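Accompanying notes for the structure given below.
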Amino acid sequence: KQEVTQIPAALSVPEGENLVLNCSFTDSAIYNLQWFRQDPGKGLTSLLLIQSSQREQTSGRLNASLDKSSGRSTLYIAASQPGDSATYLCAVRGNAGNMLTFGGGTRLMVKP
Amino acid sequence: DAGVIQSPRHEVTEMGQEVTLRCKPISGHDYLFWYRQTMMRGLELLIYFNNNVPIDDSGMPEDRFSAKMPNASFSTLKIQPSEPRDSAVYFCASSFSGGRAREKLFFGSGTQLSVL
Numbered sequence: 269k270q271e272v273t274q275i276p277a278a279l280s281v282p283e284g285e286n287l288v289l290n291c292s293f294t295d296s297a298i299y300n301l302q303w304f305r306q307d308p309g310k311g312l313t314s315l316l317l318i319q320s321s322q323r324e325q326t327s328g329r330l331n332a333s334l335d336k337s338s339g340r341s342t343l344y345i346a347a348s349q350p351g352d353s354a355t356y357l358c359a360v361r362g363n364a365g366n367m368l369t370f371g372g373g374t375r376l377m378v379k380p
Numbered sequence: 688d689a690g691v692i693q694s695p696r697h698e699v700t701e702m703g704q705e706v707t708l709r710c711k712p713i714s715g716h717d718y719l720f721w722y723r724q725t726m727m728r729g730l731e732l733l734i735y736f737n738n739n740v741p742i743d744d745s746g747m748p749e750d751r752f753s754a755k756m757p758n759a760s761f762s763t764l765k766i767q768p769s770e771p772r773d774s775a776v777y778f779c780a781s782s783f784s785g786g787r788a789r790e791k792l793f794f795g796s797g798t799q800l801s802v803l
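Following this line, the structure appears as structure tokens:
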């Protein structure tokens with residue numbers, strides 16, 4: 269059974285800092301991996317999707333990398349801003365079916 | 688498009704009552720998912736549909752839970768009878784298996800359910 273872990277559970281940084289969020293998964297036979305953002309009381313917003321054949325995806329100040337063989341993904345946020353404060357979740361889709369397994373999330377706070 | 692629309696946003700009910708949660712997916716999407724989120728267990732997939740057909744309901748906790756998708760634009764998740772341990776945020780999400788945004792998952796704002 270796939271297990272997805274995100275460490276740390278919470279992170280606080282000063283504005284302007286570059287930061288890395290980590291995601292690890294136990295079964296490397298994945299179809300794709302997504303990073304989501306969740307604001308308090310809201311649903312999840314998909315930020316980046318990496319197919320299993322890709323190594324990274326970029327969108328603005330966000331860059332997500334995937335190392336399937338080691339079961340790891342990172343989300344890099346450049347020049348963090350207070351508006352980046354949210355919970356970030358990663359989720360992996362296995363090769364069978366269309367089901368995502370979510371990590372527990374990293375709660376990020378960017379202080380002005 | 689207005690995105691995935693869920694109703695109600697909040698539901699407070701008493702133990703033993705029937706609860707019905709509603710979802711309208713994004714037009715044209717062929718997959719619909721129901722998730723439950725709690726502090727203890729995080730996000731759990733309950734059931735998902737492809738072209739209105741239930742594909743995997745192994746995440747449905749027990750027979751008290753049922754889900755239907757009578758057409759491409761509407762789905763319901765029903766709990767009967769409800770119990771306090773069902774209290775959670777229930778999310779509906781949809782995705783499209785083709786196109787540039789292939790398989791990106793779009794979530795609704797969720798229904799906060801409290802069973803007293």
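Heads up: the sequence lines are chains A and B, in that order.
Here the first sequence stands for residues 269 to 380, where the numbers follow this note's numbering.
Here the second sequence stands for residues 688 to 803, where the numbers follow this note's numbering.
Glycine included, every Cβ here is placed at the ideal spot set by N, Cα and C.
Note that the structure is a prediction, hence the values are computed from the model and not measured.
- The secondary-structure analysis by DSSP pairs T707 (chain B) across a beta bridge with B:K765.
- Secondary structure note for P748 (chain B): it is in no beta strand (DSSP E), with a DSSP letter that is neither H nor E.
- Residue B:C779 holds the alpha-carbon nearest to the alpha-carbon of Q693 (chain B) among B:S784, B:R723, B:C779 and B:V802.
- Secondary structure note for S782 (chain B): its beta strand (DSSP E) is the uninterrupted segment A775 to S782.
- Taking the beta carbon of D743 (chain B) as reference, the chain A residues within 8 Å of it are G365 and M367, listed in sequence order.
- Chain-ordered listing is empty here: chain A has no CB closer than 8 Å to the CB of S801 (chain B), the nearest sitting near 14 Å.
- Take V706 (chain B), set aside five residues on each side of it, and the residues of its chain with a beta-carbon closer than 8 Å to its own are E698, T700, K765, I766, Q767, S769, D773, L800 and V802, in chain order.
- Listed in chain order, the non-local C-beta contacts of T725 (chain B) below 6 Å within the same chain comprise A775, local neighbours out to five positions each way being set aside.
- Taking every protein chain shown into account, the CB of S762 (chain B) has 16 or more other CB atoms within 10 angstroms, so this residue is buried.
- Bridge partners of G362 (chain A) according to DSSP: A:I298.
- Excluding sequence positions up to five before and after K336 (chain A), its CB lies within less than 8 Å of the CB of S296, I298 and S320, all in the same chain and listed in chain order.
- Residue contact with chain A for G795 (chain B): present (Cβ-Cβ distance below 7 Å to some residue of chain A).
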